[in-house]
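Under my numbering, think of the first position of the sequence shown as 1, with each following residue one higher.
For every residue, glycine included, the Cβ atom is placed at its ideal position computed from N, Cα and C.
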Amino acid sequence: MKEFEGKVALITGGSSGIGRATALAFAQKGAKIVIASRREKESQETVAMIKEIGSEAIFVKTNISQAIEVENLVNQTINTYGRLDYAFNNAGVEGILGPSIEQTESNWNHIIDINLKGVWLSMKYQIPEMLKNGGGAIVNNTSVAGLIGIANFSIYCASKHGVIGLTKAVALEQATAGIRINSICPGLIQTDMAYRIIGKDDDSKFKAQFMAAHPIGRFGKSEEIANPVVWLCSDAASFITGHSLTIDGGYTVQ
Ligand SMILES: NC(=O)c1ccc[n+]([C@@H]2O[C@H](COP(=O)([O-])OP(=O)(O)OC[C@H]3O[C@@H](n4cnc5c(N)ncnc54)[C@H](OP(=O)(O)O)[C@@H]3O)[C@@H](O)[C@H]2O)c1
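See the structure below:
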């Protein structure tokens, strides 16, 4: 019997990158998967990959920044699979990067609504369902930008610092209820988002700057985030809650 057989995991931002890799990692351990994101084609590709490895999955088209859509997402999860055990609240955007004084109110609202409000809304609707099963585990995806400042990423940094604080407070609220809530802080991981930031060009200025920031000498892979997320949800991490796990190739220890 696989470790997560009979369990249900909800992954926001499962249409690509870290979310897709984590959905597959949960599925490998036998969990049924709910993918929540906006792009239909890419999300259905993730669903097909999960089915190929022998598990079950559905896609619920969701804009994570809208309460009514997040409520619908959790309702669809329960209507389809009858329970919710794990959630990886991963959906996020980098928005428009640049000096803070040049930022617009609409870019602020866009980033904060998805990266911070989206995580709050997700937990708001996920937790009551987990309580019905006597517990569960949630991992929220933040970033090294939730731990340190990065010039030209001010709104993104604010959103990700916010997720760490939110995670700690909600973890305390649920500590005796059997729901463990942690966050992860990845360094630069090779995904669409990373390539939008550093460019695909080998000699891009940003690529060299970010590479130098990773003492391990390379960028991370989505699977190197997926495995710690699955571990944090497993019984092997049963005494860990409210923690921010840094997975950054040494970025923040310099
Ligand atoms: N890559 C990195 O270097 C890095 C480092 C640290 C942290 N992170 C964090 O990791 C998370 C995943 O990013 P990624 O690197 O895997 O990039 P990605 O491939 O661009 O994935 C972002 C995911 O978020 C989803 N998403 C964005 N806005 C959404 C919304 N309003 N509602 C629902 N889903 C939404 C996207 O799906 P749709 O477009 O289909 O909606 C997509 O699945 C983000 O929170 C990011 O901040 C990334």
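Alpha-carbon spacing of residue i relative to residue j, whole angstroms
i      : j      : result
Lys2   : Ala151 : 44 Å
Val163 : Ser55  : 30 Å
Gln103 : Ile96  : 8 Å
Gln28  : Ile53  : 7 Å
Ala36  : Asn133 : 21 Å
Ala145 : Ala57  : 31 Å
Ile68  : Gly220 : 34 Å
Val47  : Gly13  : 13 Å
Ile33  : Ile111 : 26 Å
Ala169 : Gln76  : 27 Å
Val257 : Asp201 : Here the chain covers residues 1 to 254 and nothing more, so residue 257 does not appear.
Glu105 : Asp113 : 12 Å
Ile127 : Trp120 : 11 Å
Cys185 : Ile148 : 11 Å
Asn89  : Lys205 : 31 Å
Gln254 : Tyr156 : 21 Å
Leu257 : Asn140 : The requested residue 257 does not occur in the structure, where the chain is confined to residues 1 to 254.
Glu5   : Asp203 : 46 Å
Thr176 : Tyr81  : 26 Å
Ala158 : Ile240 : 25 Å
Thr142 : Ile18  : 12 Å
Gln174 : Lys207 : 40 Å
Asn227 : Ser65  : 26 Å
Asn63  : Asn109 : 14 Å
Where residue i falls, given that 16 or more other Cβ within 10 Å makes a residue buried
i      : result
Arg20  : buried
Gln209 : exposed
Asn79  : exposed
Lys41  : exposed
Ser15  : buried
Gly217 : exposed
Phe153 : buried
Asp235 : exposed
Pro99  : exposed
Ser43  : buried
Phe59  : buried
Ser238 : exposed
Thr252 : exposed
Beta carbon of residue i nearer than 9 Å to that of residue j
i      : j      : result
Lys160 : Asn107 : no
Ser183 : Ser222 : no
Arg83  : Glu129 : yes
Ile225 : Thr22  : yes
Thr167 : Gly242 : yes
Arg38  : Lys7   : no
Ala87  : Ala9   : yes
Gly136 : Gly178 : yes
Tyr125 : Glu45  : no
Met123 : Ile101 : no
Ile247 : Gly187 : yes
Met193 : Gly92  : yes
Asp85  : Ala31  : yes
Pro215 : Gly165 : no
Glu94  : Ile197 : yes
Residue i Cβ short of 8 Å to ligand 3 heavy atom set
i      : result
Leu147 : No copy of ligand 3 occurs in the structure displayed; its ligands are ligand 1 alone.
Subject >> Minimum length 3: unbroken beta strand (DSSP E) runs contained in the region 38-80 >> reply: 57-61
Subject >> Completely contained beta strand (DSSP E) runs for the region 140-169, where each covers 3 or more residues >> reply: none
**OP:** Could you tell me which uninterrupted alpha helix (DSSP H) segments, each at least 4 residues in length, are contained entirely in the region 208-238, listed from first to last along the chain?
**Re:** 223-233
Original post:
Where in the region 170-202 do unbroken runs of the beta strand (DSSP E), each at least 3 residues long, occur, reported from the N-terminal end onward?
Top reply: 179-186
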